[in-house]
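First comes the structure, then the notes that go with it.
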Amino acid sequence: GLPSVGQRCPARVLFPAPLDFGPSSKEAPAPPKAEAKAKALKAKKAVLKGVHSHKKKKIRTSPSFRRPKTLRLQRQPKYPRKSAPRRNKLDHYAIIKFPLTTESAMKKTEDNNTLVFIVDVKANKHQIKQAVKKLYDIDVAKVNTLIRPDGEKKAYVRLAPDYDALDVANKIGII
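Throughout the sequence shown, residue numbering follows full-length UniProt numbering, covering 1 to 175 in sequence.
Dropping the structure here:
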């Protein structure tokens, strides 16, 4: 049992025998002597000189500080903010309103292989070209546009050389 007050405590009570948990971690393979020595020398050198002695100073090329570009991740919404995507109001049928059949437009058709259309004011040349291609199945060489004094947009659609504007005009029903 334990000694009473004033008595000396035997060593076996203070320092019980160490418990044995199989092979101890002391027998772990030690690194080779040369490797350890090199590591020690490196550490000694660092302690003597200091590790900041061989740091390179970054060259500043501008006197003003610019905040670094941080990583900006793309949004990954949990649900769509709109229930359905907005319908494109300027489709092929809205772009081309009607063909012009004036005398000067007919002259263009005969002489310059060009059809003349009244188109939506917001339509650009690429859109007009695509619309004519889709609606009439013809190849377009180029498109010239102007906005008339009454606010409408007029498009001169020059056809590719292998299409005849008169035939196309007949097919559409202009002539």
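Don't be surprised by glycine CBs; every beta carbon is placed ideally from N, CA and C.
Rounded Cβ spacing between residue i and residue j (contact assumed at less than 8 Å)
i, j, result
"K153", "V121", "5 Å"
"I92", "A131", "One detail in the question is off: residue 92 reads as His in this sequence, not Ile. Correct: roughly 4 Å between the Cβ atoms."
"residue 244", "V157", "With the chain covering 1 to 175 only, the question about residue 244 has no answer from this structure."
"V140", "K134", "Going by Cβ atoms, the distance from V140 to K134 rounds to 11 Å, so no, they are not a contact pair."
"I138", "L159", "6 Å"
"K97", "I118", "5 Å"
Boundaries of the beta strand (DSSP E) in which residue i is found, first to last residue
i, result
"L146", "140-147"
"T114", "114-119"
Endpoints, alpha helix (DSSP H) assigned at residue i
i, result
"Y93", "92-95"
"L166", "165-172"
"K58", "Where K58 is concerned, there is no enclosing alpha helix (DSSP H), given that its DSSP letter is neither H nor E."
"L48", "33-49"
Top-ranked residue by Cα proximity to residue i, from the options
i, options, result
"N144", "L135, I128, G151, I138", "I128"
"Y136", "A123, E103, D111, G173", "G173"
"D164", "R87, A46, K108", "K108"
For residue i, the residue or residues it bridges with in DSSP
i, result
"L159", "V140"
"P99", "F117"
"K153", "V119, I147"
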